[in-house]
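Protein chains in written order, with our numbering: chain S, 5 to 184; chain G, 5 to 184. Where is the CB? At the ideal position from N, CA and C, for every residue including glycine. Keep in mind that this is a model prediction, so the values were computed, not measured. Here's the structure, in structure tokens; my notes come after.
Protein chains: 2
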Amino acid sequence: MDRRQQKTRQAIFEAFSILLERKNFSNITVQEIIDEANVGRSTFYAHFETKDDLLKTMCTDIFQHVFYEDLKQESSHDFSHAGHDFEKEITHILYHLQDNRKKLKGLFSCDSGEIFMKYFRGYLQETFPSYAGKLHQKAPFEYVLNMTICSFAETVRWWISGDKDYTPEQLASYFMEYIS
Amino acid sequence: MDRRQQKTRQAIFEAFSILLERKNFSNITVQEIIDEANVGRSTFYAHFETKDDLLKTMCTDIFQHVFYEDLKQESSHDFSHAGHDFEKEITHILYHLQDNRKKLKGLFSCDSGEIFMKYFRGYLQETFPSYAGKLHQKAPFEYVLNMTICSFAETVRWWISGDKDYTPEQLASYFMEYIS
DNA sequence: ACGTTATAAAACATTTTGTTCGATTTCTAT
DNA sequence: ATAGAAATCGAACAAAATGTTTTATAACGT
Numbered sequence: 005m006d007r008r009q010q011k012t013r014q015a016i017f018e019a020f021s022i023l024l025e026r027k028n029f030s031n032i033t034v035q036e037i038i039d040e041a042n043v044g045r046s047t048f049y050a051h052f053e054t055k056d057d058l059l060k061t062m063c064t065d066i067f068q069h070v071f072y073e074d075l076k077q078e079s080s081h082d083f084s085h086a087g088h089d090f091e092k093e094i095t096h097i098l099y100h101l102q103d104n105r106k107k108l109k110g111l112f113s114c115d116s117g118e119i120f121m122k123y124f125r126g127y128l129q130e131t132f133p134s135y136a137g138k139l140h141q142k143a144p145f146e147y148v149l150n151m152t153i154c155s156f157a158e159t160v161r162w163w164i165s166g167d168k169d170y171t172p173e174q175l176a177s178y179f180m181e182y183i184s
Numbered sequence: 005m006d007r008r009q010q011k012t013r014q015a016i017f018e019a020f021s022i023l024l025e026r027k028n029f030s031n032i033t034v035q036e037i038i039d040e041a042n043v044g045r046s047t048f049y050a051h052f053e054t055k056d057d058l059l060k061t062m063c064t065d066i067f068q069h070v071f072y073e074d075l076k077q078e079s080s081h082d083f084s085h086a087g088h089d090f091e092k093e094i095t096h097i098l099y100h101l102q103d104n105r106k107k108l109k110g111l112f113s114c115d116s117g118e119i120f121m122k123y124f125r126g127y128l129q130e131t132f133p134s135y136a137g138k139l140h141q142k143a144p145f146e147y148v149l150n151m152t153i154c155s156f157a158e159t160v161r162w163w164i165s166g167d168k169d170y171t172p173e174q175l176a177s178y179f180m181e182y183i184s
């Protein structure tokens, strides 16, 4: 990828991130984004179809890092094998999310939050079913799984949006206690 | 209130509700709303400042009914007295929400969902703290309360959005099992 | 150093928004 | 029933935002 493209892409991402902390996604105009990012109008549209597209791209971008590139580098995470510890797994994800705190905060805010959480839940669908399956409850599995995923996503949101100073270990233990 | 005002207000609410099931809040134009509602442009703006205002008004409108007018008519709900049963309380709320299923479904959908859930959680803040206070967990009260409220809101969303045919009693028991 | 490709800047058509005004209909109170 | 008040319609309008196109310039990779 061309250096210039990387630069503009990054500039737009950062500008967008900053603006999201200041105001709602729906009230942000393309004009404001390109002013903050200091790029031309046509350049924006060369990279993204619409503002929605920008948001979606940013979501996949972040989660791609958190769930694949970062996590995959560490060897100790084979979800499928028997002795695997769910709480440890959660803690690891929290560490990687913590590293992206700055980028994440804006995305959690009001309008964009809905889209962002949708993506987040999508990625959690890959990790959580194997754990939720072990909980034997009277409620339908479908319900328990959905709730477990939502609860984790909300836990992270509460942590990041509220600037809570808990460590990943603490937060993971609170979460585990809550869903147990 | 003038009959004409009631009629247009209702027509706009219904049109909006129908459109929300078809497409995202942010992609709905005022033009589409007034076409569907069959009212003039100036009439729309006589009732609501903006599309956002319409959404907010509709949210408060619904919850006002569900949490005050409907619930207050029944005598058996004194949250403060000692023998009060949380699960019964939940069940009651679910009954009233069920009556508004049609109106609610659109509001839960993507873009509007974030605003709607915010209002929903706001109303739950009045009911839930007294219950969440009784759960003694290691996690901060603030966290447990937030999670309990979110979990209930998500439970309702899952129920309504997914057209699940569980009775309020069933759903309440699933929820109670989940948070216990 | 060369051809290629991204960007900037400005101009533009289009869409959506929100306002205004006069004519018309519908309400309420008497 | 009727007169006065109030809400609606519809059309026209200004303002703002979107998305596209063009050309010249600058930065890139080989």
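Given a threshold of 16 other Cβ atoms within 10 Å of its Cβ, counted over all protein chains shown, does residue 46(G) qualify as buried or as exposed? exposed
Relative to chain S, which residues along the region 129 to 157 of chain G have a C-beta separation below 8 Å, given in chain order? 141, 142, 143, 144, 147, 148, 150, 151, 154, 155
Report the three-state DSSP secondary structure of residue 43(G) (helix, strand or coil). coil
Given that residue 117(G) touches chain S, what residues does it touch there, using C-beta distances under 7 Å? 118
Measuring straight from C-alpha to C-alpha, what distance separates residue 171(S) and residue 176(G)? 33 Å
Status (buried if at least 16 other CB within 10 Å, exposed otherwise) for residue 7(S): By the neighbour-count definition (other C-beta atoms within 10 Å, threshold 16), residue 7(S) is an exposed residue.
With a cut-off of 9 Å, does the C-beta of residue 72(G) fall near any C-beta of chain S? no
Show which residues of chain G have a CB atom less than 8 Å away from the CB atom of residue 181(S). 141, 142, 143
What does residue 114(S) touch in chain G if you count any residue whose Cβ is under 8 Å from its own? 118, 119, 122
Who are the Cβ neighbours of residue 107(G) in its own chain at under 7 Å, not counting the five residues just before and after it? 21, 66
Give a yes or no on whether the minimum CB-CB distance between residue 12(G) and chain S is below 9 Å. no
Output, in chain order, the set of chain G residues within a Cβ distance shorter than 7 Å of residue 30(S). 30
Taking 9 Å as the cut-off, decide whether the C-beta atoms of residue 117(S) and residue 161(S) are in contact. yes
For residue 1(S), which residues in the same chain have their Cβ closer than 7 Å to its Cβ, ignoring the five residues on either side in sequence? Here chain S comprises residues numbered 5 to 184, so residue 1(S) is not present and cannot be evaluated.
For residue 144(G), three-class secondary structure by DSSP: coil
Span of the alpha helix (DSSP H) around residue 6(S): Residue 6(S) -> no alpha helix (DSSP H), and no H or E assigned at all.
Quick one: Cα of residue 138(S) to Cα of residue 178(G), how far? 17 Å
Less than 9 Å separating the beta-carbons of residue 136(G) and residue 145(G)? yes
Distance, residue 148(G) Cα to residue 123(S) Cα: For residue 123(S) and residue 148(G), the distance between alpha carbons rounds to 24 Å.
Would you decide whether residue 93(S) is buried or exposed? Buried here means 16 or more other CB atoms lie within 10 Å of its CB. buried
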